[in-house]
Amino acid sequence: MFESVETYAGDPILSLNDDFQKDPRPNKINLSIGIYFDDAGRIPVLESVRRAEHAVASRDTPKPYLPMEGAANMRRAVQRLLFGAEHPAVTSGRIATIQSIGSSGGLKVGADFIARWLPGSAVWVSDPTWDNHRSMFEGAGLNVNTYPYYDPATGGVRFDAMLDTVRELPPRSVVLLHACCHNPTGVDLTREQWDRLIPLIAERDLLPYLDLAYQGFGDGIEEDAYAVRALAGARRPDGKPVAFFVANSFSKSMSLYGERCGALSVACADAAEADRVLGQLKFAVRRIYSSPPIHGGQIVAVILDEPELRARWEDELGGMRERIRAMRQALHRVLSAQLPGRDLDYFLTQRGMFSYTGLGAAQVDRLREEHGLYMVRSGRICVAGLNTSNVEAAANALAAVMR
Ligand code: LMR
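Numbering follows full-length UniProt numbering, with no gaps: position 215 of the sequence shown is 215.
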């Protein structure tokens with residue numbers, strides 16, 4: 001029956017993380033997967049999450065199926081977090097939001113929606129992008145292309161080349177954009193660049209699809225929502241709001257990885273359109289997994305809705321952000337001492353969990369084999385895997401292959 005089934009080559013990120021777990025070397029260092037580890041090398045359980053979990057458990061309520069679109073309180077809380085509570089896009093009801101299984105679930109539901117309702121639209125992702133973006137959209141039957149993004153020569157964005165490509169895209173092309181903390185490069189668009197890109201998107205009638213998996217890890221919760229809010233305020237030449245998707249995640253920002261908490265929001269022209277779009281998102285959900293799980297979404301809703309827990313969460317997220325910054329500085333300090341004259345400032349200027357080191361696959365393999373340091377073969381490291389005990393060893397290992 002299954003003779004022709006081929007061996008799975010493995011996932012460039014998840015399978016590497018599995019390999020790390022199996023590696024018996026005691027001094028191994030995991031800079032592969034995008035997970036925030038604390039200074040003791042553990043995935044933290046946030047105090048805000050612990051308290052919210054307690055509040056949810058003490059409700060002692062049954063566990064019915066959630067509606068296809070998820071829990072209403074969670075969906076409302078997500079809209080307020082992304083767009084701002086009083087944003088007219090929210091208050092006018094023109095945003096269709098579903099609770100999703102991580103942001104990956106949201107990306108997939110959105111991809112299926114696009115394949116069904118915008119047939120012929122191709123997807124354009126940044127070069128490079130998160131490894132799974134292409135697979136996901138191709139898996140939904142969509143054509144995936146790239147637009148220029150990262151410039152290895154400057155460590156910045158090839159913004160003019162990016163604009164040149166975007167300017168030539170056919171109307172209704174889907175442009176996948178990282179709202180903050182670009183994965184894998186850590187190189188974000190500046191506000192000025194968003195302000196130049198968005199009018200072009202509006203004018204060319206393109207469909208932006210924001211991936212917001214690291215809100216709060218760049219400059220702050222509100223600051224990292226800049227692209228969402230700028231798009232929500234943008235108008236097409238005919239005066240209608242710009243339509244766009246945003247898939248967001250609480251995996252990293254609330255350290256809720258395995259709870260698979262995320263959402264997909266679609267900004268529509270008006271409330272009636274949002275109602276129809278929501279209906280079709282529900283249909284897409286029904287055909288994939290029927291409805292999302294209850295537990296994680298309720299933790300998210302309680303934290304976002306309860307002012308004390310919300311403040312606590314913001315503090316904890318700020319602490320994670322600061323620790324990553326401190327690790328960037330420590331890594332930069334040791335590496336600069338080891339590699340004098342080398343420009344390593346990109347470790348300081350890149351945002352969020354990731355740094356793009358420019359290392360090639362052969363150097364990455366050496367790091368894993370000779371030094372027990374795991375990183376993605378594209379040259380991405382997860383800075384959040386560094387801590388005061390391993391940063392020096394990691395920097396020494398990196399320096400050894402960078403010489
Ligand atoms: C990553 O990029 O490492 C994370 O987003 C985890 C994943 O699912 O790939």
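For every residue, glycine included, the Cβ atom is placed at its ideal position computed from N, Cα and C.
Here the structure is a predicted model, which means the values were calculated and not measured.
Distance between residue j and residue i (C-alpha atoms, nearest Å)
i, j, result
"residue 115", "residue 136", "12 Å"
"residue 231", "residue 327", "33 Å"
"residue 240", "residue 403", "55 Å"
"residue 391", "residue 12", "23 Å"
"residue 302", "residue 216", "18 Å"
"residue 38", "residue 165", "40 Å"
"residue 106", "residue 259", "14 Å"
"residue 59", "residue 196", "48 Å"
"residue 272", "residue 265", "15 Å"
"residue 19", "residue 256", "22 Å"
"residue 372", "residue 358", "19 Å"
"residue 33", "residue 17", "6 Å"
"residue 389", "residue 337", "18 Å"
"residue 275", "residue 247", "18 Å"
"residue 92", "residue 277", "15 Å"
"residue 204", "residue 333", "45 Å"
"residue 159", "residue 42", "37 Å"
"residue 168", "residue 304", "40 Å"
"residue 360", "residue 369", "14 Å"
Residue i vs residue j beta-carbon contact at 7 Å
i, j, result
"residue 425", "residue 121", "As displayed, the chain neither begins before 1 nor continues past 403, which places residue 425 out of reach and without an answer."
"residue 394", "residue 367", "no"
"residue 236", "residue 242", "yes"
"residue 299", "residue 63", "no"
"residue 339", "residue 284", "no"
"residue 346", "residue 155", "yes"
"residue 404", "residue 170", "Residue 404 falls outside the range modelled here, since the chain spans only 1 to 403, and no answer is possible."
"residue 270", "residue 80", "no"
"residue 352", "residue 218", "yes"
"residue 180", "residue 224", "yes"
"residue 83", "residue 77", "no"
"residue 123", "residue 142", "yes"
"residue 297", "residue 268", "no"
"residue 2", "residue 186", "no"
"residue 375", "residue 383", "no"
"residue 52", "residue 309", "yes"
Exposure label - residue i; buried when at least 16 CB within 10 Å
i, result
"residue 330", "buried"
"residue 288", "exposed"
"residue 140", "buried"
"residue 252", "buried"
"residue 439", "This structure leaves residue 439 out entirely; the chain is present only between 1 and 403."
"residue 65", "exposed"
"residue 26", "exposed"
"residue 22", "exposed"
"residue 57", "exposed"
"residue 85", "exposed"
"residue 15", "exposed"
"residue 344", "buried"
"residue 152", "exposed"
"residue 182", "buried"
"residue 335", "buried"
Close Cβ partners of residue i (< 7 Å) along its chain, the five nearest in sequence each way excluded
i, result
"residue 222", "none"
"residue 191", "226"
"residue 161", "148"
Contact set for residue i: own chain, Cβ-Cβ below 8 Å, skip 5 residues either direction
i, result
"residue 75", "69, 97, 98, 99 and 263"
"residue 207", "114, 118, 121, 172, 173, 174, 175, 243, 244 and 245"
Own chain partners of residue i with C-beta closer than 6 Å, once the 5 adjacent residues on each side are dropped
i, result
"residue 385", "30, 31 and 37"
**Asked** So does the region 142 to 156 actually touch the region 92 to 99, counting three or more Cβ pairs closer than 8 Å?
**Response** No, because fewer than three Cβ pairs between the region 142 to 156 and the region 92 to 99 fall closer than 8 Å, the two stretches do not touch.
**Message:** With three or more C-beta pairs closer than 8 Å as the rule, is the region 37 to 54 touching the region 316 to 323?
**Reply:** Yes, the region 316 to 323 touches the region 37 to 54.
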